[in-house]
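Chains as they are written, first to last, in my numbering: chain A, 342 to 637; chain B, -12 to 356; chain C, 19 to 187; chain D, 482 to 766; chain E, 352 to 1043.
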């Protein structure tokens, strides 16, 4: 029965909190209003009843909370993590943003190939699609598991392939037309940045003002620079969770930028982000035989 | 006075008439590019307000519960040049005024909760001194709202003293009728300027009259019912007395510190002034800003009065429900619920103010008892 | 347009190779068109993606980044990191509509004066053929300054225009 | 209707370096009308533009008793102050103001003992007031000025402040630097500002009538935090202890929402607040 | 407050002809914060520099733009002038109006407009320049010399003689290198050992030289003045302190048949052996690959010390407590050095690379180096030239120069330089030993450029009866018990066949096979063959692009002994110049990190080519780990700056502000032109803008 997944999650969390093996569980609770699932922070086994399994299509990536200073005094913390969240945590470990000792996860593994992404589905409908790991695990344990091998690359992000393909068929001028119209809508609310677990910079480049490389005004100029640089800074780091695009109140197709860069990095450097803690992010690395056919 | 009506199939004619009278028309339109976004169902951005021309009339969509983006930016543009600075080589620096670019405009099809924000913001933009740009745009712009036929779980206008058919801030209110027509209620002197565009309601003279100022018009039109979500009466005093309450920490923990709520909010009006340009020519721009951003209050020295999200989140709620009411006598919120809908983290102002209201009720009770 | 379009090109060159190559082009008196403005940096590794965007924002019709051949880098690997960066950033810019007729990369060594001169000739012609970069030009500081000169808000300034295609003021 | 954001133009007439990173600019408004209309009181501030970089808020550093120019003193910290440091005599900067409230010199200070406490760059706003009072010396009781800085090299207006004592003003002056930072030839006090304040007030002869006296405290937040309790314990009334808040501002005219503390607009209701008012504000400074 | 001076140089006609210099100066005068602008015929001349100095003083300039030639030419000149006037040298920028403008354009109007733009960009930059001071780093007064051949020996002695400490590292058990293998040297025919051995002994005795044999460089960190080098010493199994070199052990070793390295496998040695009679240190060494005890221990998986196999050498060792130490183990030390001299030398290609010449198939086809051993009085044949195959005296010797050299198909397009001379020497020496013998030299061109060299080859042909055949050898085959060398005499245009007892191939000189790894550790670049690259082929022939690393001898390319020695002296002198300073002034073009913006994501640490960035506790509270640049190590490439997403690092001299302003200044020319101010007088403003 569907509710069993959520119940199992609650049991795992409750027992870990009860024995004190984790001090905080970060999971999802049903959204109070609106269609978004809200993050929920459970620090005692009394409150585990709020935990639920949210449809990834309406939820933010919980890894974004692992770097929050407000909870830095709590250790260890456990994050309820589906594969994209796990990949984000791998990225954070890789870049030293969270200590492995402090981090535990309750892994959620997709049971079926297709987990609903539709925001119209309620969280409960979705719960049956997930298998909850039997206990709180370290990332090391998770990354050594056969589930990780099987599902590590699973994503809930809407597939941007169609749009990428469509754009690739266009001329430069048409692509320019498309993107400048999209970027023009950007309101610079930075919801994309805030909801991205890898956008953890304490001072975003958009806020560096001496000099101001990226104009802060929501004008075509500033918006173009912001969206291009945001995407570039995630090249080789984006773990394909789709949180940025889901967050954007203006509906910018950020996923297409990310997907395109993911392809580029995979093709050119044979790299996929979020899979190995010990790998070097491709833009912090080079090979002597990197492609250079475009360099004269 | 003859009641006015609008037949929805004559909408194009109406807009054309207004345009012919020299008005720029702003209306909610379904985005032509909604299919570009990769995520298939994306109700939040489907309908947006935009300047429309005849070719767009067919796309005007009056059905969406508060559109993804409100009408605030037509009064307080997201980015607006206010001063131009010029440094000609060999001369000393000069500045010149840039006047607000605001042709006579009719905003058609706004929601009452968006319009209700206008008189609220009038207070801040005209207290002590008049903000030229705001005032000018207010003068130039007539707002025609449409009473809501539907609402969702995020709507809470009625808890703030508004209503799905409130006329606050509107120059005219359209009330959808059972027969598919819209009853037109003109509001005040400014509303009278719109009379010329509407037809007299010959057929529907039997329609009952209501007092346009009350929200109780459900019988006549297809106006939705927004149930009360909380009792606001104890909110302000609870906030004033519980600055350090744990609730703020709990509420803010999930908040990611983006500006989606403030930019969507019809009443949030904080802005930034920035210079952009080259050595020789630059513009000083007034841009939306958000109290939720970490650097909003940060000094150049690094000192920050509100370094934590808890403090910033509290500031937003307290400003809306305590500080602004104290200063200007009205809540800085219209209950549109847009902040709830857009929050990427699922943080609900409605829920949190609801909790505050409940606590406030208890404290009030205690004080009384 | 009766007069020939003279493109504006900004080039970021490393001091050890391409800047020296340009010096050699000068010493060798190779004549090339005057459309390129060189900005000297220690190494192509220093060239940030933002530099390229800022050059376009400043009204450049084309941008060039040029440094040492792989293996020649004075700092051993700065150019190799740069190459990685451009592998990605060039693709990204192409994806958003800034193609190879606007953005070029090259390796020019201190010994390649001829190559530098040819490169500039070539690039100038290529950008000239592509015409003024209206797309970026409209949102450049130059366009804004010229609009303000006429007392207007900048192009695409008023809120209704933010919608791009939807806006028709 | 006016564009409130359009600055007046002023020319830099004089540049004085106070410390390695603190600089004073003397400005003169270019238009005669502007000079005529620019009337201010001690405690008010203006918004000063470095064109192309932005505006920054500084108190007007010269008292209205010394008109004819506008003086600002600032420490290099961010984008605007860095740009202002680039400017030279003869260059143009933008000025908006005067904005904000002022110290109630006529209403409250007159006839009372006044203690001035300034720390670091906070000496600048205090100085505007004590110069004002010194220029009208007869109207006040005892005047006591306490200036502090981390080191001698960080001490703006050091020589001027020291010279006040001997200038026949009947004023007590104490300057101090933080313990452990003094060089052997530092001839003045060493100690934290609150301690020096206590010592000077307690040892003052004739005694300061603290119950009726006025105190003005400006400086870094931590100094203010530790000075207010000392003043309180010395018998100063919170209603007559003044400070200026340094919140970030953008518009300066009560619109932009940045400087808000509780329901107060620091730019309109401040920047001058009494300790009593501060206690009533939310702890959000 | 910026007060900028602009100085426009005519460079005589060089700039003045194509650029309207007074117009450029006039335009500059109007630029923001420019308080002085002038043009002058030759800014770099004494009066020109004086004008700059006077203007700095009189107008209190805070920044200077010299619009003249390339900064690569005169930046030091104008920086020095600025310093002389009391202005920090890093407040000087140069606009390159000559190489980048007047010399490459042919339209005066356009060139002038471009010049104004270039000046504007530099004015914009210099306004953001900061006063910088050279970074002073203490120097470790100690040099490392890698390689104990003649070049390394010479460099070590020169440096040590000048009073600096030297560590000389040699990977084989003895120093001496290839020179110690030679019989006589051209063109004087003096005995190689006789002139080399005293130098080797001097090394061993020198109080300031520490010799480390059996030692290789494992890792290098740090930078000029402060290299930190990890050195690994292999086990020798003979305690150098205790061993007196008596040689008793050598007699008893039951292993006798190991091909000896020193004799190029023409003789055998034991498992414990002395590298060669004059070796330094002159002590035996055990080759664990051949030693019975080591092999037995290896099979059992125990250490040689635990084994009880053989051990004869130890038994016979007369030293109380024994000098043989089967328990010896490799050791690693980290040493600090201020300078490094690389003298790793060369190798010759093996004959097996030349199957067409019978190499590898016929024992009597040997390399020149092997022939040296045959000629040497201390060699396996005690100086008698005998056939390798059967030991019979050789009467007919064919010497093939250019075996592989100057032959791109063989992978060595270069000339090995020494072959012509040593082949002549070989022929001559052979003829001296075997008066009735026949010596034939096949050559492509006889390259004998050098003092006394041509005379030497002439003497070989004319006095010593060496026959020279100009032409290539096509193949070598066996006929009976002789070899037949087939070739073409290109002078006579006919095929020739020469019978030979020995065929000596002057195989191409090649770099040591693992020199690339060494070069990478040192940050020294190398060419496609592996020869190490000098910083500048003309003007900096012994320096490398990595400051503080110098080249001596044949690691840089084939060369003969006098060249190697001279170059070693040059490298030593460069090292001494460096070590003789207590402190090193480095250009302050280094990165620094704004720790407030740093998240320690590690990108900068990963991209830094010299490992100059590491995590450290922050200086501000709350204390956390942040990236920190070690100024002494940073080489100022700026890769970290551009790689950092939050732009926490910046690069002094090329700061974000400076570059940002330079970029934006490219727009200001157009804006100025549009405003009708000065700026570009070209048609661009009109035509270009109208099109926009």
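From the three backbone atoms N, C-alpha and C, an ideal C-beta is built for every residue, glycine too.
Cut-off 7 Å between Cβ atoms - residues of its own chain near residue i, not counting five sequence neighbours on either side
i: residue 495 of chain D; result: 507 and 570
i: residue 30 of chain B; result: Low confidence applies here, because residue 30 of chain B scores a pLDDT of 41, under 50, leaving its location unreliable and the question unanswered by this model.
Backbone CA spacing between residue i and residue j [nearest angstrom]
i: residue 934 of chain E; j: residue 918 of chain E; result: 26 Å
i: residue 304 of chain B; j: residue 962 of chain E; result: 49 Å
i: residue 62 of chain B; j: residue 89 of chain B; result: 9 Å
i: residue 689 of chain E; j: residue 899 of chain E; result: 7 Å
i: residue 517 of chain E; j: residue 864 of chain E; result: 26 Å
i: residue 971 of chain E; j: residue 944 of chain E; result: 13 Å
i: residue 485 of chain D; j: residue 119 of chain B; result: 8 Å
i: residue 156 of chain C; j: residue 162 of chain C; result: 8 Å
i: residue 247 of chain B; j: residue 665 of chain D; result: 57 Å
i: residue 315 of chain B; j: residue 352 of chain B; result: 26 Å
i: residue 447 of chain E; j: residue 420 of chain E; result: 5 Å
i: residue 621 of chain E; j: residue 704 of chain E; result: 28 Å
For residue i, the three-state DSSP class (helix, strand or coil)
i: residue 426 of chain A; result: helix
i: residue 98 of chain C; result: helix
i: residue 496 of chain D; result: strand
i: residue 285 of chain A; result: This structure cannot speak to residue 285 of chain A, because chain A is shown only from 342 to 637.
i: residue 614 of chain D; result: helix
i: residue 574 of chain A; result: helix
Assigned exposure category for residue i - 16 Cβ within 10 Å defines buried
i: residue 837 of chain E; result: exposed
i: residue 630 of chain A; result: exposed
i: residue 556 of chain E; result: exposed
i: residue 512 of chain A; result: exposed
i: residue 365 of chain B; result: Any answer about residue 365 of chain B is impossible in this case: the structure gives chain B only from -12 up to 356.
i: residue 727 of chain E; result: buried
i: residue 200 of chain B; result: Reliability fails at residue 200 of chain B, whose pLDDT of 42 lies under 50, so the model's placement of it is uncertain and the value that follows must be treated cautiously. The residue is exposed, with fewer than 16 neighbouring Cβ atoms inside 10 Å.
i: residue 618 of chain D; result: exposed
i: residue 501 of chain D; result: exposed
i: residue 482 of chain D; result: exposed
Sequence-distant residues of the same chain with beta carbon closer than 6 Å to residue i, five excluded per side
i: residue 722 of chain E; result: 777 and 855
Which parts of the region 557 to 602 of chain E are runs of the alpha helix (DSSP H), unbroken and 4 residues or longer, counting only runs that do not cross its ends?
-> With a minimum length of 4 residues, no continuous alpha helix (DSSP H) run stays inside the region 557 to 602 of chain E.
Report the residue ranges of all alpha helix (DSSP H) runs contained in full by the region 294 to 323 of chain B; include only those spanning at least 4 residues, in chain order.
-> List check, alpha helix (DSSP H) in window: 296 to 305 and 311 to 315.
Going along the chain, which unbroken runs of the alpha helix (DSSP H) with 4 or more residues stay wholly within the region 709 to 781 of chain E?
-> You should have 719 to 726.
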